[in-house]
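Sequences listed follow chains B and G, in order. Here the first sequence stands for residues 1 to 357, where the numbers follow our numbering. Here the second sequence stands for residues 1001 to 1299, where the numbers follow our numbering. C-beta atoms are modelled at their ideal positions from N, C-alpha and C, and glycine is treated no differently. First up is the structure itself, then whatever we jot down about it.
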Amino acid sequence: MEEKYYEISSDNIEKFVNNLIAQDDEVIAPKDKDGDTFYDKITDFKDADLNILLPKLSFKEYLLPKTETLFEYSISGSNINILDPIENIGADGGSVNSGKKTGKRIIFGSRPCDAGAGPIMEKVFNWDYKDEFFNEKFKNLYIISIACVQPDNYCFCTEAQLSPESSYGSDILLKKGGSGYFAKVITEKGLELINSSSENAGLFKEISKDAFPADKDWKAAFDIKKTQGFLDKNFTSSYFQEKFLSCIGCGICTYTCPTCHCFDIQDEGTNEKGKRIRNWDSCQFGIFTLHTSGHNPRVTQGDRYRQRLMHKFKIYNEKFNKYLCVGCGRCSRNCPEDIDLREITSELSLMESSAGD
Amino acid sequence: MEKMNDKLQKTAKELLENKEVNLIIGFTKGSNPLRMRSVFITDPDDVSKLSFNAHCVQDLAVFLKKPEVKKFGKVGLIVKGCDEKAVNTLIQEYQLSRDNIKIIGVECRGVVKQNLADKGEDSVKQSTVYDKCLVCEVHTPLLYDYLVESDEPAFEINGDIKPYAKIEELDAMSVEDRNMFWQKEFEKCIKCYACRQACPLCYCTRCIVEKNTPQWIETNIEETGNAQWNMIRAYHLSGRCIGCGECERACPVNIPLMLVNEKMARDVFEKFGYKSGVDINAKPVFGTFDANDFNEFIK
C-alpha cells in the first residue's frame, strides 16, 4: 500500500495504546523487570518503559516460542489420538502454542532493528517448506516501532543495512517530534490498527509526506559487504581460532538474537501420551553438530563462532539476499566474555580492505 | 593500578620467556572503558595488553576446561581470590595437575557489578560490588605462585547492606511460597545454558541434559524442563560451588542463582563442616565417607 503519514500527541498515543488493550488485543511492550527491561505483556500504557534503548531480549519468542508443541498424542488400547494444534486454531483464544486460536498480538515500542528481524526470518520459514506455526504467528503480529535517536556503541543497524529510523518490518513507525510523535503507516496491518475504532482513528491527524521528518544521514562506519568478502575467502583463517579462545560456548548470543532461529525437535512423554515439541537450539553448543558416530565437524569454539559469522554474513545473504543480522548488538551486550560482534564484523571488513590494496 | 599492572606484566613476561608456561590467561581492556575481557598471550612481547581493575568480573578459571586451552599444556592463570578457589577444586577433583598451572594471584578489593558498570558505575563501594565481595574472605588468594598486591584501599562495609538477605527471607517462607518463588524465577529461563558454560566447575564433556538414552532431564523450555534443569545444576554443584557468581552474572534473564548456591554452601558447611575450594589436599565432601556421618542410612 501507499504509505500514510500522521501526527499524534503524547496523550493520544497513550489513549491509543490503552484502547488497543481495552479491545482485548494482546499488547507487548518494553517493561521493567528486576532492574532490566524485557518485552512483556502490558495492561496499561504506563507499564511500558520507553526510555531505554533496547530490551535485554528480542521479541523473537512471539514468532518462535522457546518451546512449541507441534502435535500431541494419546493412546488407549487401539485408539490413537493425534491433536494437531494448527487444526484447532479458532477454538477459544490463546496461542498456537497451546493449541488454541492466535489472537492479534501487538508489539508497541519495538525498535527498528527488532522489527526488521521478522521479514528476515520469514524467508527461511517459507523457503521450501511453509512453516504454518511461524506464519500464523507472523500474520498476527502487529509491530509499532519507535525510531531510535541515539544508538549505542554496540549498535550497528546502519552497517547491517537498516538504520535507527528504518521502517523495514514495522507496520507503523513512530518518530518523536511535534506534539508527541509523527507516525508513518507502512502496511495495511498498520492502517487496520489506526482504524480499529472511530475513536482511535480520531486520535491521528493525517499529514503530508513532506511534513513527516526526514531521516538523518546515518553513515555506516564500515562496509558489511567487505565482511562478507573476507568470509568468502578465509574459512581457514587463524583469526577465528585465536579470537574465539575466549568464547565459553554458551548460547546467549544466539538466544538473545532476534534473527537466530535454529531449533531442535524432541519427543516428550510416555507410551500413553506425549507431545512432539521444538525447542530453541544454538550452533554454539558442541553437541549441535555431534554425529552419532562420535565425529564432530565443528571441534573448537572457533569453528562454532565462525559458523555463526558465516551463516549471518555470507550463507544467508547468498541464499536470501539479506544478512541474518539486524545490528541490534544484543549478542555483544549480553556476552559474559565481552565478545563484540560489531568489533568483529568491522575488523573483518578492514582486513578485507587491506588485503585488497 | 599502574603498579599492579607493571608487576602483572613483568611476571607474565618472565614465565613466558623462561618457558615455564606456554600460555598466559589474563585480563585486558574490553569493548568499553568499564568492561574488561580475557586475553590469551603466548608471545612475551604481548604482555603489555595485561591489566587489572575493578571491572575484571570474569572467572578466568573457566577456560581451564576448554580442550583448546588444555592443548597448551602449562598455563599461567591470573586469578582473583574467589576465582582461585575454582583452581583448587579442579585440582581436588583431578581435573588439573598442580604442575600444569602457575597461579598468578591478584589481591582484589571487590569488583563492580557488571549491570551497574554498563550504566556507567565506576566506583568500588558496598552498594556497587557483588554480594560475594561483601562476604569475601579471600581478598588475597589462598594459593598462588606469584602474588600481585593491590594498591587500592579496601572499601568500607557498614552493615547497611546485608549480603544474600533473600536467603533468610526464603527460609522463613512456607514450602508452597518458596516453591512459588522459584517457579516464577525458573519460568524466565531460556535454557541458553550460560550458567553451565560460565561455571569453572561444570566441566562434564557431556552434560546430563545432553544425555538422551534415557532422557533424564526434559528438554522443554517450559515449567517442567526449566525446573528440572535448574535443580540438577544446583545439586551437581552442591559442596563444589566456590561462589564466584559467574552463573548469575552470565544469566541473561537475571535468575538469582547465587541464592541457591550460597544456601547450599551454608548447608554443606553446617552439616559437614566443609568449605569448597579452600584446600587442595582435602577430599571433596561428597567424594568421601565418614563412619560418624549424621545420616543413619549410610552406616
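Item                                                                                                                    : Value
Positions along the region 245-260 of chain B whose CB lies within less than 7 Å of some CB in chain G                  : Leu245, Ser246, Ile248, Gly249, Cys250, Gly251, Ile252, Tyr255 and Thr256
Enclosing alpha helix (DSSP H) for Lys1065/G [first to last residue]                                                    : Per DSSP, Lys1065/G belongs to no alpha helix (DSSP H) and is neither H nor E.
Residue(s) in a DSSP beta bridge with Trp383/B                                                                          : In the structure as shown, chain B begins at 1 and stops at 357. Residue 383/B is therefore absent and cannot be evaluated.
Strand pairing of Thr1219/G, partner residues [DSSP]                                                                    : DSSP output for Thr1219/G lists no bridge partner at all.
Chain B within 8 Å of Ala1169/G, Cβ atoms only                                                                          : Residue 1169/G is actually Glu in this sequence, not Ala. Answer no: the Cβ-Cβ gap between Glu1169/G and chain B never drops below 8 Å.
CB of Met1004/G within 8 Å of CB of Val1148/G, strictly                                                                 : yes
Cβ contact (3+ pairs, closer than 8 Å) linking the region 215-228 of chain B and the region 264-272 of chain B          : no
Beta carbon of Ile144/B nearer than 8 Å to that of Leu174/B                                                             : yes
Residues near Asp340/B in its chain [Cβ-Cβ closer than 6 Å; skip 5 each side]                                           : Ser332
Chain B within 8 Å of Pro1044/G, Cβ atoms only                                                                          : no
Proximity below 8 Å, CB of Glu1359/G to CB of Arg1109/G                                                                 : Outside the shown range of chain G, which is 1001 to 1299, sits residue 1359/G, and nothing can be said about it.
Min CB distance Lys273/B to chain G below 8 Å                                                                           : no
Test item: CB-CB of Lys1085/G and Ser1276/G under 8 Å                                                                   : yes
Beta carbon proximity, Val96/B to chain G, threshold 8 Å                                                                : Confidence is the limiting factor: at Val96/B the pLDDT is only 43, short of 50, which leaves the residue's position unreliable and the question unanswerable from this model.
8 Å Cβ cutoff, Thr1128/G in contact with chain B                                                                        : no
Near-chain G residues of the region 334-353 of chain B (beta-carbon distance less than 7 Å), N- to C-terminal order     : Asn334, Pro336, Glu337, Asp338, Asp340 and Glu343
Any 3 or more C-beta pairs closer than 8 Å across the region 109-123 of chain B and the region 162-177 of chain B       : yes
Backbone secondary structure at Tyr129/B - three-state DSSP                                                             : coil
Any C-beta of chain G under 8 Å from that of Leu324/B                                                                   : no
Span separating the alpha-carbon of Lys100/B from that of Ser58/B                                                       : In this prediction, Lys100/B has a pLDDT of 39, which is less than 50 and means its spatial position is unreliable; what the coordinates show is noted afterwards. Those two C-alpha atoms are separated by around 24 Å.
Cβ neighbours of Ser98/B in the same chain (closer than 7 Å, five flanking residues each side left out)                 : Note that Ser98/B scores a pLDDT of 44, beneath 50, so its modelled location is shaky and nothing firm can be said.
Sequence ranges, alpha helix (DSSP H) only - wholly within the region 194-233 of chain B, length at least 4             : 198-203 and 224-233
Partners in chain B for Ser1038/G, counting only beta-carbon separations shorter than 9 Å                               : Leu245, Ser246, Glu337 and Asp338
The region 1163-1178 of chain G / the region 1206-1216 of chain G touching (three or more Cβ pairs under 8 Å)           : no
Delimiting residues of the alpha helix (DSSP H) encompassing Tyr239/B                                                   : Ser238 to Lys243
Beta carbon proximity, Glu1210/G to chain B, threshold 8 Å                                                              : yes
Chain B contact for Glu1248/G (CB, 8 Å cutoff)                                                                          : no
Short-range partners of chain G found in the region 296-322 of chain B, where Cβ spacing is below 9 Å                   : Val299, Thr300, Gln301 and Gly302
Member of Trp1229/G, Asp1131/G, Lys1102/G and Lys1019/G whose CA lies at the smallest distance from the CA of Val1079/G : Lys1102/G
Contact set for Glu1308/G: own chain, Cβ-Cβ below 6 Å, skip 5 residues either direction                                 : Here chain G comprises residues numbered 1001 to 1299, so residue 1308/G is not present and cannot be evaluated.
Residue-level contact to chain G via CB, Ser332/B, 8 Å cutoff                                                           : yes
Own chain residues within Cβ distance below 6 Å of Ile265/B, not counting five before or after                          : Arg278
Secondary structure of Pro119/B, DSSP reduced to three states                                                           : helix
Nearest residue (CA-CA) to Ser9/B, options Gly286/B, Ser196/B, Glu188/B and Gly180/B                                    : Gly180/B
For Gly1225/G, the three-state DSSP class (helix, strand or coil)                                                       : helix
When Ser208/B, Pro65/B and Thr256/B are compared against Asn334/B, the one with the closest alpha-carbon                : Thr256/B
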